[in-house]
Structures are given as C-alpha cells and as structure tokens.
Amino acid sequence: MLKVGIIGVGTVGTSVVNILKDNAEIITARAGKEIFVKSGVVQNLDKDRGVDIKLSKDPMDIINDPEIDIVVELMGGIEGPFDVVKAALAKGKAVVTANKALLAYHRYELQELAGDLPFEYEAAVAGGIPIINALRDGLTANHIESIQGIMNGTCNYMMTKMMNEGVDYQPILDEAQALGYAEADPSFDVGGFDAAHKLLILASIAYGIDAKPEDILIEGIDNITQEDIAFAKEFGYVIKLLTIAKKSGNEVELRTHAALVPQDKMIAKVDGVMNAVSVIGDKVGETLFYGPGAGGDATASAVVANIIDIARRGKGSPMLGFHTPLEKGLTLKSKDEIVSKYYLRMGVEDKPGVLSSVTKMFADHDISIETVLQRPIDNGSANLLFATHEAVEKNIQSIMKELSQASFVNTVPSMIRIEA
Numbered sequence: 151m152l153k154v155g156i157i158g159v160g161t162v163g164t165s166v167v168n169i170l171k172d173n174a175e176i177i178t179a180r181a182g183k184e185i186f187v188k189s190g191v192v193q194n195l196d197k198d199r200g201v202d203i204k205l206s207k208d209p210m211d212i213i214n215d216p217e218i219d220i221v222v223e224l225m226g227g228i229e230g231p232f233d234v235v236k237a238a239l240a241k242g243k244a245v246v247t248a249n250k251a252l253l254a255y256h257r258y259e260l261q262e263l264a265g266d267l268p269f270e271y272e273a274a275v276a277g278g279i280p281i282i283n284a285l286r287d288g289l290t291a292n293h294i295e296s297i298q299g300i301m302n303g304t305c306n307y308m309m310t311k312m313m314n315e316g317v318d319y320q321p322i323l324d325e326a327q328a329l330g331y332a333e334a335d336p337s338f339d340v341g342g343f344d345a346a347h348k349l350l351i352l353a354s355i356a357y358g359i360d361a362k363p364e365d366i367l368i369e370g371i372d373n374i375t376q377e378d379i380a381f382a383k384e385f386g387y388v389i390k391l392l393t394i395a396k397k398s399g400n401e402v403e404l405r406t407h408a409a410l411v412p413q414d415k416m417i418a419k420v421d422g423v424m425n426a427v428s429v430i431g432d433k434v435g436e437t438l439f440y441g442p443g444a445g446g447d448a449t450a451s452a453v454v455a456n457i458i459d460i461a462r463r464g465k466g467s468p469m470l471g472f473h474t475p476l477e478k479g480l481t482l483k484s485k486d487e488i489v490s491k492y493y494l495r496m497g498v499e500d501k502p503g504v505l506s507s508v509t510k511m512f513a514d515h516d517i518s519i520e521t522v523l524q525r526p527i528d529n530g531s532a533n534l535l536f537a538t539h540e541a542v543e544k545n546i547q548s549i550m551k552e553l554s555q556a557s558f559v560n561t562v563p564s565m566i567r568i569e570a
C-alpha cells in the first residue's frame, strides 16, 4: 500500500481524496497496489472539507511522518511551497504538485533536488489535459518546432463571449467573476501571467530553456475592444490569449499575449473555458491536445494519474525529461527581436493629412503596411486600423511610443500580434 499526504485540502485536494476513494478498485488494478490518503493539511481546521482523513495545520506533520510515501502539494504560491517540497524531497518522499507558479520559478532547482525521486506535475499545466506526459514521453522522439496553447480558461471564456455575443470587456469580466471563472483580483489570469507560467514549464521540457517569467513577453486581454473584434471578423480571424514557443535556428522565442488567429486553424475553434495545446514535432507533425484546463475533478484527475504512475514505476526519472542538454547552444530570443505580423488601432483627428502622416511614420520605422481601414466616429475623430507585414518587435514598440505622443492621435494606440 502507498500512503499519501495532501498539503492543501481545498477544492482540488478534496477531489483527489474522493477520486482515490470512489475509484479505488480500478485505481488499484491500474497501479498494482492500494493507494490510501492518510492525512492532509489545511489552513482552517474549522471548515468542513467533506473528507474522512486526519487533518492538521502544519505541513511538517506530513513531511515527518515516516509512513507517508507521496506528498501532494496543492498549497499555491511560490516560496512557501518551495520550502515544503524541498523538505519532502530531503526526507526521500515522492512529490506530486499542481503548482505552476512554483515550477515557473524553481523547476530546475527541484529537478536537481529530486534526482531519482519521483517528482510529477501533470496538473500544473492545462488541468486535465495530459500535455506534460505527451511532451516528456509520447513525443520524445521529436524535435519540437513550436507550441501554441490556449491555457487559461478564464480568458478563453471571456474572448469567446466577446467574439460571439458582442459583449464588452468589463461586463464579461464581471460575469466571469460571478460564475467563479475569474478571481476577485483577476490580473493573474487576464494579464497573461497564469498562462505564461505554464508556457515556461512546457518550454523547459521541449527545449531545456531555463527562463523566468520576467525574461519573456507577457501581455493580457484587458485592452481588447469591440473595434478589434470587428476587424478580426472582417479579415477572418478570432482573438485568443495564446502561449507561443517557437524554435528558429539556435534561438527559442517564448511569449504570451492576445493574438489574431486565422479562423480555420484548429486552435481557433477552442471556445469557452476549454484549453488546448498544439504541438508541432519534426516527425509527427501537428498534434492537438484538448480538454478542461481547470476545475476540481479535472485537475485532481491529473494529480491521481501522477500518483498511479509513481505506484507503477517506483523509481523516478528526470523531472523535465532529459539527462543531458537537449540541444546544445539553444538560447532565449530577446523580446525585442521577435518577428510577427501586427494589428494596430488608434483614434485620430479626422482631417486631411493624418493618414499620410501615420503611414510615413510606419515607413520611417521599417514597417510595411498590409491593410488599412478608417472608421469615422463622433466629434471629428476616426479609428485607424492597420495590419502589417512581418515586422520586428522593437520597431513596433518604437512606433507605438511615437504615435502615443503625436498631436493628431486622440487615444492611446493599441496593438495585437497576428499569428498566421
């Protein structure tokens, strides 16, 4: 029998306990041994968790228990969980975590600390979608050319509603909060940080890139308007919050941001709170992994799958899936050097000469315009909407700064990247 301790018996932790109890027979058959949750840790002992296990408030009660074989960390946060997981590994215990923020900052240190101890984290990325094992095991024969993901259900729900129902950003954010999809402080989701943490984990498995959130381009969806959506629809795009990893030569670019995606791409059809990850390998081509990215049962399903894997294998393997560097010489591409197509929107004075002044500014910054639309609005103003050919990020940022200071520009320019 394997005995499990759960640090953080909240929504997901409760689901883990219940799945192991409700599906005990089939889990035992698949694991080859019984799996039993012995104890858990919570912050508030007075709250009813609906589980029949011993509870305490001190994580060390689990870590110091010699009968506990596997520690499941579901605390949330970064440094506190890091200390707890380090202590568990030091005691020789296997670890399962769903903590994407912990791994975004400490995955390489944890891999070194774990050594041959099992350390699993499928639930940290895209909830119930088995993308970690797919990248680490199923696609291990491939050079990974690119990864594109919709990995935040809150943003995908909001963008689907904005695209399909014409709802503005703030009302749909209010609705997402009322439904429990968005937190009271939604910035971690709508600002792109949640999805970026997941991207960093996948990029480590695919490329061996050791980057922190501060090193990569991270933007959210909070500046998207119905004008942007109308442009997207007119030219055959949808708008999604995308996580993107691309390898070009010896460089890997990592970025999370809103993007215009062609309607006919598989990932463009992923709506609502669902998640999806598209992976292109040099041998397999494109594979798409689709499913629920959050929720107690979906996330707990991935946690339990990791526990079963540990029961089957006993010994661990490298946490990130490689013993030696994957590809020597790979480096992280500078955010300023990313190349993309771009969509820009700005409100300007509706008078002769403004459009020619703006197009000259584009030319001065070595940016070629593919499409331009002018939409009159009230009070002698107009919206100018541009789509560019491929351009360099630093040039786009430079023109955005110059446009924001131009006397004929009435509103702060907005930009969305285009992913063909």
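The numbers in the sequence shown follow the numbering used here, run straight up by one, and end at 570. Note that CB positions come from ideal geometry on N, CA and C, so glycine has one too. The structure presented is a predicted model; accordingly, all values stated were derived computationally and were not measured.
Measure the CB-CB distance between residue i and residue j and report whether it falls below 8 Å.
i, j, result
"T449", "G277", "yes"
"V234", "E217", "no"
"L170", "F381", "no"
"V159", "F186", "no"
"I279", "V429", "no"
"V453", "Y440", "no"
"N306", "G422", "yes"
"V498", "V434", "no"
"G386", "I368", "no"
"I355", "G471", "yes"
"Y331", "T304", "yes"
"K485", "I568", "no"
"V411", "V489", "no"
"A244", "I351", "no"
"D219", "L152", "yes"
"P209", "V191", "yes"
"I458", "I177", "yes"
"M313", "Y319", "no"
"K207", "L195", "yes"
Could you give the first and the last residue of the continuous alpha helix (DSSP H) run that contains residue i?
i, result
"P526", "P526 -> not in any alpha helix (DSSP H); beta strand (DSSP E) instead, spanning 519-527."
"F558", "Here F558 belongs to no alpha helix (DSSP H), and DSSP marks it neither H nor E."
"R463", "446-463"
"E259", "250-264"
"H539", "Segment: none, H539 is in no alpha helix (DSSP H) and carries neither H nor E."
"G163", "161-172"
"K572", "An answer regarding residue 572 cannot be provided, because it is not within the stretch 151 to 570 covered by the chain."
"G303", "303-315"
"E384", "376-384"
"E229", "229-240"
How would you label residue i, buried or exposed, when you count the other beta carbons within 10 angstroms and need 16 or more for buried?
i, result
"P268", "buried"
"V221", "buried"
"K510", "exposed"
"T247", "buried"
"R462", "exposed"
"H347", "buried"
"I389", "buried"
"S451", "buried"
"V167", "buried"
"N456", "buried"
"H473", "exposed"
Please identify the residue among the options whose C-alpha is closest to the C-alpha of residue i.
i, options, result
"A284", "L392, G163, G190, A426", "A426"
"S398", "L367, G341, E487", "E487"
"A395", "V340, L482, T375", "L482"
"A408", "E333, D459, Y492, D447", "Y492"
"L476", "L391, V402, S490, F343", "V402"
"A556", "H539, M496, K544", "M496"
"G445", "L329, T474, T375", "L329"
"E364", "E520, T406, M312, G288", "T406"
"I374", "G316, K544, D202", "G316"
"A273", "E540, M565, L404, V162", "V162"
"S165", "V201, I176, E175, E184", "V201"
"G515", "E540, K311, G530, I458", "According to the sequence as given, residue 515 is His; it is not Gly. If we check each option's Cα against that of H515, E540 comes out closest."
"T310", "G227, I417, G265", "I417"
"I228", "A353, D344, I213", "D344"
"M469", "P231, D198, L263", "L263"
"T290", "I566, N456, S564, G358", "G358"
"G230", "K478, I519, N249, I527", "N249"
Hey, quick one: how far does the beta strand (DSSP E) through residue i stretch, first residue to last?
i, result
"Q298", "294-300"
"S428", "424-431"
"M496", "489-499"
"S206", "204-206"
"K188", "185-191"
"T437", "435-442"
"Y387", "387-398"
"A334", "Careful: A334 lies outside any beta strand (DSSP E) and carries neither H nor E."
"I220", "220-223"
"P468", "P468 -> no beta strand (DSSP E), and no H or E assigned at all."
Are the segment 497-515 and the segment 530-543 in contact at 8 Å, needing three or more beta carbon pairs?
-> Yes, the segment 497-515 touches the segment 530-543.
Touching by the beta-carbon criterion (3+ pairs, under 8 Å), the segment 238-246 and the segment 325-341 = No, the segment 238-246 is not in contact with the segment 325-341.
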